[in-house]
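Chemist: First, the structure itself, so that you have it in front of you.
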Amino acid sequence: MTEQTAAGTVIVVGGGIIGIACAHYLSDAGFQVTVIERKTIAGACSHANCGFIVPSHVLPLTEPAALKTALKSLFTPRAPFRVRPQWDFSFWKWMWQFGRRCTHKQMLAAAPALKAMLDLSLHEYRRLLEQEDFVCEWRDAGLLYVFQTERGLEEYRQTDRLLTEHFGVAAREIPGETLPAFDPALKPGLAGAFHYTCDASLKPDLLAAAWTARLRERGVQFQEACELTGVTHAGGKITQLETSQGELQADAVVFATGAWSPLLAEQLGCAIPILPGKGYSVTMAAPDPSPRYPMLFPEHKVGVCPFENRFRLGSMMEFTGYDTSIPEYRIQQLRDSARPYLVTPSTETEYERWYGWRPMTWDSLPIIGRVPRLNNAWLAAGHNMLGMSMAPATGKLIAQLVSSETPDLDPLPYAPDRFE
Numbered sequence: 004m005t006e007q008t009a010a011g012t013v014i015v016v017g018g019g020i021i022g023i024a025c026a027h028y029l030s031d032a033g034f035q036v037t038v039i040e041r042k043t044i045a046g047a048c049s050h051a052n053c054g055f056i057v058p059s060h061v062l063p064l065t066e067p068a069a070l071k072t073a074l075k076s077l078f079t080p081r082a083p084f085r086v087r088p089q090w091d092f093s094f095w096k097w098m099w100q101f102g103r104r105c106t107h108k109q110m111l112a113a114a115p116a117l118k119a120m121l122d123l124s125l126h127e128y129r130r131l132l133e134q135e136d137f138v139c140e141w142r143d144a145g146l147l148y149v150f151q152t153e154r155g156l157e158e159y160r161q162t163d164r165l166l167t168e169h170f171g172v173a174a175r176e177i178p179g180e181t182l183p184a185f186d187p188a189l190k191p192g193l194a195g196a197f198h199y200t201c202d203a204s205l206k207p208d209l210l211a212a213a214w215t216a217r218l219r220e221r222g223v224q225f226q227e228a229c230e231l232t233g234v235t236h237a238g239g240k241i242t243q244l245e246t247s248q249g250e251l252q253a254d255a256v257v258f259a260t261g262a263w264s265p266l267l268a269e270q271l272g273c274a275i276p277i278l279p280g281k282g283y284s285v286t287m288a289a290p291d292p293s294p295r296y297p298m299l300f301p302e303h304k305v306g307v308c309p310f311e312n313r314f315r316l317g318s319m320m321e322f323t324g325y326d327t328s329i330p331e332y333r334i335q336q337l338r339d340s341a342r343p344y345l346v347t348p349s350t351e352t353e354y355e356r357w358y359g360w361r362p363m364t365w366d367s368l369p370i371i372g373r374v375p376r377l378n379n380a381w382l383a384a385g386h387n388m389l390g391m392s393m394a395p396a397t398g399k400l401i402a403q404l405v406s407s408e409t410p411d412l413d414p415l416p417y418a419p420d421r422f423e
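For the sequence shown, the residue numbers in this note's numbering are 4 to 423.
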């Protein structure tokens, strides 16, 4: 066991961007922190996502049309939003709970808690970038929602109006005829776009590498290839973790285990209703012309992220369990989905094909807080599609809760005991 500081010792289980953020804020609070990761730091869902930092994404996935889309996908194997039936009671329970929340009322009820996390995270990102000078291709250019058809544009106007009226999240609408001048990578003839200037973007792997290096300099320990194999607890506290590298003890344990979190439910004695929502990306050489702005094409459900010398297409939401395959048709689907929008939608030089399991909760809110029956165990998981966007706020909230400080955010909406 590492030598204790005045605040004590903490083990963070999970070395994705959420675990890294928790380690940062816990270290800042005076704790001696060790991060254990079953594979490599930030090598899973935090590695090759689109890197969007999106305060505009205040509406949860449980919007009214989501249930219909999910049901249709049962009979459409190649749908961008795909649910594959599974013979698992927990899967159907999750789907039932998700479906009953797909109402306008529930959507508006969940959104304020998402907005609070997203706004605090953006504030913290800007503070961290100023103080730490992370080299991560941070762009404050906003996010462009681009529409191919007039119908798609008109339908989204209603969403934009809702965001403006209920949450003060406003966008600038750009007519289709001016889009090629706004970003020459876009084809002429598109219906239009909405530009959310509140959003930003970064390159996820660069952020994770820079942040981890800085934390190592400050004494945070990282143990890779260290798989958690067991949890021992007594008297309402975790007393020991069994790992592939031996036994570990600490004053507190934070589980930032992403889509793997439900596999710990029995050992922690609490419900962790998370399903892995699989996404894909392909990273290529930058096209000519390359987009000036990160973009979403909602009608084809694909995200576009330009980097300095790279170009990434990312999308899909598959509920297919812990499937590790990368089907060729999914990569081709990403390429094909960009064709209606971009002058040069892709390039032949591929650097990486990737998949990641997003940790999806049935109410679209993350799970952040103390494990109900364990006084020294904390969960920081279930960030759905917004882990990169919510990481700093999550780390800050966890550190404040572990330190028994008054948190910046109301922790109640994210508490694990809401599933009891």
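Ideal Cβ placement from N, Cα and C applies to all residues, glycine included.
Please look up how many angstroms separate the CB atoms of alanine 113 and proline 63, rounded, as I've assumed it's under 8 Å.
Modeler: Position 110 of the sequence shown, counting from 1, holds the residue named residue 113. Position 60 of the sequence shown, counting from 1, holds the residue named residue 63. About 4 Å separates the two Cβ atoms, so the contact holds.
Chemist: Rounding to the nearest angstrom, what Cα-Cα distance links cysteine 273 and alanine 47 in this structure?
Modeler: As a position in the sequence shown, residue 273 is number 270, starting the count at 1. As a position in the sequence shown, residue 47 is number 44, starting the count at 1. Distance between the alpha carbons of cysteine 273 and alanine 47 is about 24 Å.
Chemist: Going straight from the alpha carbon of glutamate 6 to that of aspartate 254, what length do you get?
Modeler: Translated into positions along the sequence shown, residue 6 becomes position 3. Translated into positions along the sequence shown, residue 254 becomes position 251. With a pLDDT of 42 at glutamate 6, under the threshold of 50, the modelled position of this residue cannot be trusted, and the question is left open.
Chemist: Under DSSP, the alpha helix (DSSP H) around valine 405 begins and ends at which residues?
Modeler: Reading the sequence shown from its first residue, position 402 is the one you call residue 405. It spans 390-405 - the alpha helix (DSSP H) in which valine 405 sits, taken as one unbroken run.
Chemist: For a minimum of 4 consecutive residues, which ranges assigned as the alpha helix (DSSP H) are wholly contained in the region 56-128?
Modeler: Entirely contained in the region 56-128, the alpha helix (DSSP H) runs reaching 4 residues are, in chain order, 68-76, 92-103.
Chemist: Taking the alpha carbon of methionine 393 as the reference point, which residue from His198, Val16, Ala24, Ile14 has its own alpha carbon closest?
Modeler: Against the sequence shown, residue 393 aligns to sequence position 390. Looking at the Cα atoms, Ala24 is the closest of the given residues.
Chemist: State the beta-bridge partners of isoleucine 371 as determined by DSSP.
Modeler: The residue labelled residue 371 in the question sits at position 368 within the sequence shown. Looking at the DSSP assignment, isoleucine 371 forms a beta bridge with Ala383.
Chemist: Are alanine 45 and glycine 18 close, meaning C-beta to C-beta below 8 Å?
Modeler: Looking up residue 45 in the sequence shown gives position 42. Looking up residue 18 in the sequence shown gives position 15. Yes. Within cutoff.
Chemist: Going by alpha carbons, who is nearest to alanine 288 out of Phe314, Ala174, Arg421, Val223?
Modeler: Here residue 288 refers to the residue found at position 285 of the sequence shown. Alanine 288 has its Cα closest to that of Phe314, out of Phe314, Ala174, Arg421, Val223.
Chemist: Please report the residue range of the alpha helix (DSSP H) in which arginine 217 lies.
Modeler: For the purposes of this step, residue 217 is taken as the residue at position 214 of the sequence shown. That run of the alpha helix (DSSP H) goes 207-220.
Chemist: On a CA-only basis, which of Gly239, Pro207, Leu251, Glu302 is nearest isoleucine 56? Give me that one, please.
Modeler: As a first step, residue 56 must be located in the sequence shown, where it is residue number 53. Looking at the Cα atoms, Pro207 is the closest of the given residues.
Chemist: Spatial neighbours of lysine 304 within its chain, please: CB distance less than 6 Å, with the 5 preceding and 5 following residues excluded, ordered by chain position.
Modeler: Along the sequence shown, read from residue 1 onward, the residue named residue 304 stands at position 301. Contacts found: Pro83, Ser318.
Chemist: In terms of residue numbering, what span does the alpha helix (DSSP H) encompassing threonine 167 cover?
Modeler: To locate residue 167, count along the sequence shown from 1; it is residue 164. Taken as a continuous stretch (DSSP letters only), the alpha helix (DSSP H) holding threonine 167 covers 153-170.
Chemist: Tell me, which residues are paired with glutamine 35 by DSSP?
Modeler: Translated into positions along the sequence shown, residue 35 becomes position 32. DSSP lists Thr12 as partners of glutamine 35.
Chemist: Which same chain residues end up closer than 6 Å to asparagine 379 when comparing Cβ atoms and leaving out the 5 residues on each side of it in sequence?
Modeler: In the sequence shown, residue 379 corresponds to position 376, counting from 1. Closer than 6 Å at the Cβ level, and outside the excluded window around asparagine 379, lie Lys240, Ile241, Ala255.
Chemist: Looking at the secondary structure, which residues open and close the beta strand (DSSP E) in which proline 178 lies?
Modeler: For the purposes of this step, residue 178 is identified with residue 175 of the sequence shown, where counting begins at 1. Segment 175-178, the beta strand (DSSP E) holding proline 178.
Chemist: For cysteine 308, which three-state DSSP category applies?
Modeler: Reading the sequence shown from its first residue, position 305 is the one you call residue 308. In the structure shown, cysteine 308 sits in a strand (DSSP, three-state: E or B).
Chemist: Hey, quick one: how far does the beta strand (DSSP E) through arginine 356 stretch, first residue to last?
Modeler: In the sequence shown, the residue the question calls residue 356 occupies position 353. Its beta strand (DSSP E) spans residues 353-364.
Chemist: Could you pull the DSSP bridge partners for histidine 50 from this structure?
Modeler: Counting from 1 along the sequence shown, the entry for residue 50 is found at position 47. Paired residue(s): none; histidine 50 is not in a bridge.
Chemist: What do you reckon, are the CB atoms on valine 405 and isoleucine 334 nearer than 8 Å?
Modeler: Mapped onto the sequence shown, residue 405 falls at position 402. Mapped onto the sequence shown, residue 334 falls at position 331. Taking 8 Å as the Cβ cut-off, valine 405 and isoleucine 334 do not qualify as a contacting pair.
Chemist: Run through the region 228-293 for me and flag every whole alpha helix (DSSP H) of 4 or more residues, listed as ranges in chain order.
Modeler: The qualifying runs are 268-271.
Chemist: Using a Cβ-Cβ cut-off of 6 Å (strictly less than) and excluding sequence neighbours within five positions of arginine 295, which residues of its own chain qualify?
Modeler: If you number the sequence shown from 1, residue 295 lands on position 292. Result list for arginine 295: Asp186, in chain order.
Chemist: Drop a sphere of 10 angstroms on the beta-carbon of methionine 4, count the other beta-carbons inside from all chains shown, and report buried for 16 or more, exposed for fewer.
Modeler: For this step, residue 4 is matched to residue 1 along the sequence shown. Confidence at methionine 4 is low in this model, with a pLDDT of 35, below 50, so the placement of that residue should be treated as unreliable; the coordinate-derived value is given next. Classification for methionine 4: exposed.
Chemist: Please report how far the alpha carbon of lysine 42 lies from the alpha carbon of phenylalanine 225, in whole angstroms.
Modeler: As a first step, residue 42 must be located in the sequence shown, where it is residue number 39. As a first step, residue 225 must be located in the sequence shown, where it is residue number 222. Looking at the two C-alpha atoms, the distance is approximately 11 Å.
Chemist: Quick one: give me the first and last residue of the beta strand (DSSP E) that serine 349 is part of.
Modeler: What you label residue 349 is simply residue 346 of the sequence shown in a count that begins at 1. Neither: serine 349 is in no beta strand (DSSP E) and is coded neither H nor E.
Chemist: Of all the CB atoms in chain C, is at least one closer than 8 Å to the CB of threonine 235?
Modeler: No chain C is part of this structure, which consists of one protein chain only.
Chemist: Whole angstroms are fine: how far does the CA of glutamine 252 sit from the CA of leucine 337?
Modeler: For the purposes of this step, residue 337 is identified with residue 334 of the sequence shown, where counting begins at 1. For the purposes of this step, residue 252 is identified with residue 249 of the sequence shown, where counting begins at 1. Whole-angstrom Cα-Cα distance: 45 Å.
Chemist: Considering only the alpha carbon of each residue, which of Thr12, Trp141, Glu40, Ala32 lies closest to glycine 22?
Modeler: Numbered from its first residue, the sequence shown carries residue 22 at position 19. Selected option, being the one with the closest Cα: Glu40.
Chemist: If you follow the beta strand (DSSP E) that serine 328 is part of, which residue opens it and which one closes it?
Modeler: By 1-based counting over the sequence shown, the position of residue 328 is 325. No beta strand (DSSP E) holds serine 328; DSSP gives it neither H nor E.
Chemist: For alanine 196, which three-state DSSP category applies?
Modeler: Looking up residue 196 in the sequence shown gives position 193. It is a strand residue.
Chemist: Between the Cα of leucine 412 and the Cα atoms of Arg356, Thr364, Arg221, Ala396, which residue gives the shortest distance?
Modeler: Numbered from 1 along the sequence shown, position 409 holds the residue referred to as residue 412. Of the listed residues, the one whose Cα sits closest to leucine 412 is Ala396.
Chemist: Express the C-alpha separation of alanine 119 and glutamine 403 in angstroms, rounding to a whole number.
Modeler: Residue numbering aside, residue 403 sits at position 400 when the sequence shown is read from its first letter. Residue numbering aside, residue 119 sits at position 116 when the sequence shown is read from its first letter. Approximately 16 Å, taken between the alpha carbons.
Chemist: Per DSSP, what kind of secondary structure is arginine 376 in: helix, strand or coil?
Modeler: Taking the sequence shown and counting its residues from 1, the one referred to as residue 376 is at position 373. It is coil, neither helix nor strand.
Chemist: Applying the criterion that 16 or more other CB atoms from any shown protein chain within 10 Å of the CB defines a buried residue, is lysine 281 buried or exposed?
Modeler: Here residue 281 is taken as the residue at index 278 of the sequence shown, counted from 1. Classification of lysine 281: buried, given that the 10 Å Cβ count is 16 or more.
Chemist: Tell me whether glycine 17 sits in a helix, a strand or coil according to DSSP, three-state version.
Modeler: In the sequence shown, the residue the question calls residue 17 occupies position 14. The answer is coil: DSSP assigns glycine 17 none of H, G, I, E or B.
Chemist: Using beta-carbon positions only, say whether phenylalanine 150 and tryptophan 214 come within less than 8 Å of one another.
Modeler: Within the sequence shown, numbered from 1, the residue matching residue 150 stands at position 147. Within the sequence shown, numbered from 1, the residue matching residue 214 stands at position 211. No; because the gap between Cβ atoms is not below 8 Å, this pair is not in contact.
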